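Residue numbers (the working numbering): 1337 to 1610.
Don't be surprised by glycine CBs; every beta carbon is placed ideally from N, CA and C.
Since we're looking at a predicted model, the values are computed, not measured.
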């Protein structure tokens, strides 16, 4: 078990480094040096993490957080987490999470996370989804075909199942509208073959980076209007609403006494409501 935990945490860190390197290369090719903030944090009950936030001319704000935490759930949270009551609330969790908000309204916001959690049970979770301001059918087709190809390498049932879970999850019930064009979302993945589940989780992270870099490069040189920027800021309001009202990662982080700034890293830098 300890070997598996170490293996997973090293991978999350390696993926973080690869993502940041790729994003900074795009940013530096585009303009001046971006602003980079690194914030290490410790969890009072055990463990901690590191957040890296980039503010630039392509990436208005992108945050990547890697964490490894352990300890005990609050009594109020035990019944919500699989296996937590049997472990007397003891848990271990590690993962990577990313949210990107772009300067251009023509490039979608993106979210990706993968994680490994141990209580008396063990499972992987994660996924990726994209939130365009202006839906581009060609981009949508490319994104979903690429995700399906990744899933099909492991199980042809994964894509339809995880896509449906994503569509159901990233839905604003109070507005009766989806947050974006979806992707995949999976949780409680424990097939009995840890290595295979881990390889799938790694493939999700790698596929996300390949997909997003393709979309960014495709649209990076396109100009946009003031009206498009205004619509982008309003659309971001939906993103904020979802993260505060429904997001499981936000709730899990708060339930485990995670760092509030790291948890709220997903928030866009500028947003408007009508």
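query	result
Three or more C-beta pairs below 8 Å linking the stretch 1402-1414 and the stretch 1458-1473	no
Alpha-carbon to alpha-carbon, residue 1339 and residue 1574	40 Å
Inside the stretch 1345-1409 only - beta strand (DSSP E) runs reaching at least 3 residues	1371-1378, 1383-1391 and 1395-1408
Local conformation of residue 1450 per DSSP, three classes	strand
Whole-angstrom C-beta distance between residue 1540 and residue 1462, which should lie under 8 Å	6 Å
Span of the alpha helix (DSSP H) around residue 1564	1562-1581
C-beta atoms of residue 1478 and residue 1552 nearer than 9 Å	no
Residue 1560 vs residue 1441 beta-carbon contact at 9 Å	yes
Stretch pair the stretch 1499-1506 + the stretch 1524-1541: three plus CB contacts closer than 8 Å	no
Where the alpha helix (DSSP H) containing residue 1482 begins and where it ends	1473-1488
Environment of residue 1380 [buried if 16+ CB atoms lie within 10 Å]	exposed
Residue interval of the alpha helix (DSSP H) (run including residue 1547)	1530-1555
Residue 1428 versus 1418, 1353, 1444 and 1476, residue with shortest Cα-Cα distance	1418
Distance, residue 1384 Cα to residue 1480 Cα	34 Å
Best match in 1609, 1592 and 1371 for proximity to residue 1420 [C-alpha to C-alpha]	1592
Residues near residue 1564 by beta carbon distance below 6 Å, same chain, minus five either side	1441
Among 1424, 1367, 1403 and 1341, the one whose alpha carbon lies nearest that of residue 1376	1403
One or two residues paired with residue 1465 in a DSSP bridge	1447 and 1519
Residues near residue 1546 in its chain [Cβ-Cβ closer than 8 Å; skip 5 each side]	1482
Residue closest to residue 1390, alpha-carbon to alpha-carbon, out of 1378, 1369, 1382 and 1513	1369
Local conformation of residue 1439 per DSSP, three classes	coil
Straight-line gap, residue 1438 to residue 1602 (C-alpha atoms, nearest Å)	12 Å
C-alpha distance - residue 1493 paired with residue 1518, whole-angstrom precision	17 Å
DSSP three-state assignment for residue 1588, whether helix, strand or coil	helix
Beta-carbon proximity of residue 1387 to residue 1543, cut-off 9 Å	no
Residue 1469 to residue 1344 span [Cα, whole Å]	34 Å
Assigned secondary structure, residue 1496 (DSSP; H/G/I helix, E/B strand, else coil)	helix
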